[in-house]
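Heads up: the sequence shown begins at 62 in this note's numbering, then just goes up one per residue.
Note that CB positions come from ideal geometry on N, CA and C, so glycine has one too.
Have a look at the structure below before the remarks.
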Amino acid sequence: MATKDTTPSLFVHSPVLKALQRLAQNQTLWTAPLIIILFASLIRWSVALNPYSGYNSPPMFGDYEAQRHWMEITTHLPTLKWYRYDLQWWGLDYPPLTAYHSWLCGLIGSKINASWFALDTSRGMETTSSKVFMRSTVFISEALIYVPAVYLYCQIIYSSNGQYLKKHMAAVLILMQPALIMIDHAHFQFNSVMLGLTLLSIDCFLTRHYVLGSVFFCASLGFKQMALYYSPAVFAFLLGRCFSEKKGIVLFVKLGVTVVITFGIMFSPWLKSLDDIQQVIIRVFPVARGLYEDKVANVWCAINVVIKLKQILSVESTVRLSLLTTILAVLPIGIHLGISPSKKRFIYALINSSLAFFLFSFQVHEKSILLPLLPVSLLVLEEPIATTMFMNVAMFSMFPLLKREGLVIPYYITSVMWNWLVGGYGPNTSLTTRLGTLGVHIMFVIWHIAEVSIPAPPSLPDLYTVINVLISCGLFTILFFYYVYRQFTVTSSAITNQKKTQ
62 MATKDTTPSL
72 FVHSPVLKAL
82 QRLAQNQTLW
92 TAPLIIILFA
102 SLIRWSVALN
112 PYSGYNSPPM
122 FGDYEAQRHW
132 MEITTHLPTL
142 KWYRYDLQWW
152 GLDYPPLTAY
162 HSWLCGLIGS
172 KINASWFALD
182 TSRGMETTSS
192 KVFMRSTVFI
202 SEALIYVPAV
212 YLYCQIIYSS
222 NGQYLKKHMA
232 AVLILMQPAL
242 IMIDHAHFQF
252 NSVMLGLTLL
262 SIDCFLTRHY
272 VLGSVFFCAS
282 LGFKQMALYY
292 SPAVFAFLLG
302 RCFSEKKGIV
312 LFVKLGVTVV
322 ITFGIMFSPW
332 LKSLDDIQQV
342 IIRVFPVARG
352 LYEDKVANVW
362 CAINVVIKLK
372 QILSVESTVR
382 LSLLTTILAV
392 LPIGIHLGIS
402 PSKKRFIYAL
412 INSSLAFFLF
422 SFQVHEKSIL
432 LPLLPVSLLV
442 LEEPIATTMF
452 MNVAMFSMFP
462 LLKREGLVIP
472 YYITSVMWNW
482 LVGGYGPNTS
492 LTTRLGTLGV
502 HIMFVIWHIA
512 EVSIPAPPSL
522 PDLYTVINVL
532 ISCGLFTILF
542 FYYVYRQFTV
552 TSSAITNQKK
562 TQ
């Protein structure tokens with residue numbers, strides 16, 4: 062089987078490739094998925110042994126308590142109160158599918174131990190048993206949605222011409238993405254559900270199941286509103302397909318009806334009253350919070366070093382500014398994809414659209430870098446150097462957040478693990494690329510050493526965080542231009558040159 066495979070030469074030093082080759086030689090390659098899933102599970106549970114957002118940090122605790130509290134209120138209150146109940150204590154601010162997911166998790170947890178989610182009296186609950194259950198909800202949710210979506214993608218892209226090594230290697234590298242592991246299984250969130258639903262929609266689009274794909278993408282939007290980062294690319298791709306398919310008008314109507322029905326079902330409890338639906342929208346899109354809260358590696362936080370936009374512009378003006386710049390950034394991407402909606406360009410457009418939103422949109426959080434990281438990871442075998450660089454920059458950009466939560470050690474371990482799995486440079490890597498990536502990594506090392514050994518001056522307590530923002534934002538901008546260039550220059554062949562999938 063392995064003789065037909067053509068794994069990229071850049072991965073010749075990867076321990077993953079060597080392990081898969083041994084499995085192929087022993088005619089046991091069919092065991093690869095089981096081994097990969099067990100390895101990925103071990104890493105996730107190991108990371109989950111570390112602190113989480115808000116660990117032992119009263120009075121508000123953190124994201125962990127927010128997720129637990131949503132399970133509490135959804136299991137005890139009628140739906141019309143979910144977005145209104147005691148908003149000062151982690152009021153629900155994600156779309157309805159998150160609420161339904163919280164309800165299901167809370168319902169199951171209450172059957173095990175009702176005290177974990179007792180209304181009001183369970184706030185700040187940090188017992189060992191409740192934490193095991195909460196960690197399990199993340200693990201199981203990811204296993205049910207994200208992991209199958211990854212394997213389905215790898216099967217679609219690397220299923221022909223005996224590309225068995227590629228298929229399993231891609232699965233390993235996508236599943237072992239350190240940023241998602243750290244945010245979901247250490248920091249504590251359910252981003253894998255939103256990303257898994259998005260990836261399922263991508264899988265459907267790549268196999269021409271456009272209507273089913275639109276259902277999954279609407280579900281992704283219904284779980285977390287940040288999935289909007291992908292919407293320009295998805296809209297342009299589907300619109301382009303409506304013009305290129307033989308029954309494009311019928312497809313257009315089907316997609317429109319599908320979107321209306323899917324959102325109608327998800328929002329149905331609140332559609333009876335204009336006031337109720339407005340409350341959901343206000344909670345989901347918190348414009349009043351301002352252009353940004355924490356220091357994030359996007360353009361607005363980087364500009365803030367010189368120009369204090371939040372002080373010289375009103376909230377309404379910053380909303381219009383971020384909206385305009387985001388539209389200007391994504392418009393050429395969408396037009397190009399809509400004119401020529403190939404599958405290969407679609408993946409690049411997903412990167413560019415989501416990265417443009419990260420760099421320019423309103424109220425961006427550090428964790429939002431997970432959105433461009435998903436399509437970036439999907440191209441790990443086609444763009445190994447760019448993917449590895451993006452991954453390392455993303456991890457570096459989140460270090461201040463992870464350090465605040467006591468996650469420095471797993472940060473280093475998962476970062477080193479990713480680079481070890483990739484395996485370093487291949488024999489044909491140019492000297493320019495080697496020097497450029499080496500220079501970036503040396504810069505990261507210098508920053509980390511200085512941050513630990515040289516205290517920031519009292520007058521500039523956030524000095525290292527600001528430097529991190531400037532470095533990360535600069536590198537993300539360079540990577541954005543690179544991926545835009547790739548989108549505009551790739552051929553119309555499919556991702557792995559399998560013309561029949563195009």
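| Asked | Found |
| --- | --- |
| Starting from the C-beta of Gly570, find all residues in its chain whose C-beta is less than 6 Å away, skip the five residues before and the five after it, and write them out in chain order. | Because the chain is modelled from 62 through 563, residue 570 falls outside the range shown and cannot be assessed. |
| Once you ignore the five residues that flank Gly274 on each side, which residues in its own chain have a CB closer than 6 Å to its CB? | Ser262, Cys265, Phe266 |
| Can you give me the Cβ contacts of Asp245 inside the same chain, cut-off strictly under 6 Å, excluding the 5 residues immediately before and after it? | Val199, Asn252, Ser253 |
| Within 10 angstroms of its Cβ, does Lys172 collect 16 or more other Cβ (buried), or is it exposed? | exposed |
| Is the beta carbon of Ser305 sitting closer than 8 Å to the one on Pro393? | no |
| How close, in whole Å, do the beta carbons of Ala297 and Leu398 come, if the pair is a contact with beta carbons under 8 Å? | 4 Å |
| Ignore the nearest five residues each way along the sequence and tell me which others in Gly325's own chain have a CB closer than 8 Å to its CB. | Leu332 |
| Check Pro76 in the structure and name its three-state DSSP category. | helix |
| Contact check, Ser438 vs Ile169 under 8 Å by CB: the rounded distance? | Contact flag wrong, Cβ pair sits at about 30 Å. |
| Report buried or exposed for Ser414, applying the criterion of at least 16 other Cβ atoms within 10 angstroms of its Cβ. | buried |
| Would the beta-carbon of Pro157 fall within 8 Å of that of Gly283? | yes |
| Which one of Gln250, Asp147, Gln224 has the shortest CA to CA distance from Ala109? | Gln250 |
| Pull up the distance between the alpha-carbon of Thr81 and that of Ser75, whole angstroms please. | Looking at the sequence provided, one finds Leu at residue 81 rather than Thr. Their backbone Cα atoms lie some 10 Å apart in a straight line. |
| Which class does Thr64 belong to by DSSP, given the choice of helix, strand or coil? | In this prediction, Thr64 has a pLDDT of 37, which is less than 50 and means its spatial position is unreliable; what the coordinates show is noted afterwards. Helix, per DSSP. |
| Classify Thr135 as helix, strand or coil using the three-state DSSP reduction. | helix |
| Leaving out five residues on either side along the sequence, give the residues of the same chain with a beta carbon under 7 Å from the beta carbon of Ala458. | Just to set this straight, residue 458 is Ser in the shown sequence, not Ala. Answer for Ser458: Ala358, Glu427, Ile430, Asn529, Ser533, listed in chain order. |
| In the DSSP assignment, the alpha helix (DSSP H) including Lys333 goes from what residue to what residue? | Where Lys333 is concerned, there is no enclosing alpha helix (DSSP H), given that its DSSP letter is neither H nor E. |
| Between Trp151 and His137, is the Cβ-Cβ spacing less than 8 Å? | no |
| Contact defined as beta carbons within less than 8 Å: I believe Ala240 pairs with Met452. What is the distance between those atoms, to the nearest angstrom? | 7 Å |
| Can you look up Leu521 in the DSSP assignment and give me helix, strand or coil? | coil |
| Whole angstroms are fine: how far does the CA of Tyr409 sit from the CA of Trp177? | 43 Å |
| Taking the straight line between their C-alpha atoms, what separation do you get for Tyr212 and Ile97? | 11 Å |
| Since Leu316 and Val272 are thought to touch, with beta carbons under 8 Å apart, how far apart are those beta carbons, to the nearest angstrom? | 7 Å |
| Put Asn359 into one of helix, strand or coil per three-state DSSP. | coil |
| Contact between the segment 508-519 and the segment 485-493 is defined here as three or more beta-carbon pairs at a separation below 8 Å; is this criterion met? | no |
| Please confirm whether Tyr144 and Leu153 have their CB atoms less than 8 Å apart. | yes |
| With H, G and I counted as helix, E and B as strand and the rest as coil, what does DSSP make of Ile206? | helix |
| Tell me the rounded alpha-carbon separation between Val454 and Thr552. | 28 Å |
| DSSP three-state call for Phe313: helix, strand or coil? | helix |
| Quick check: the Cα distance between Ala294 and Ile412, rounded to an integer number of angstroms? | 9 Å |
| Could you please give the first and the last residue of the uninterrupted alpha helix (DSSP H) stretch that includes Leu95? | 93-108 |
| Any idea what DSSP makes of Ser191, helix, strand or coil? | helix |
| Quick one, are the C-beta atoms of Met237 and Ala101 less than 8 Å apart? | yes |
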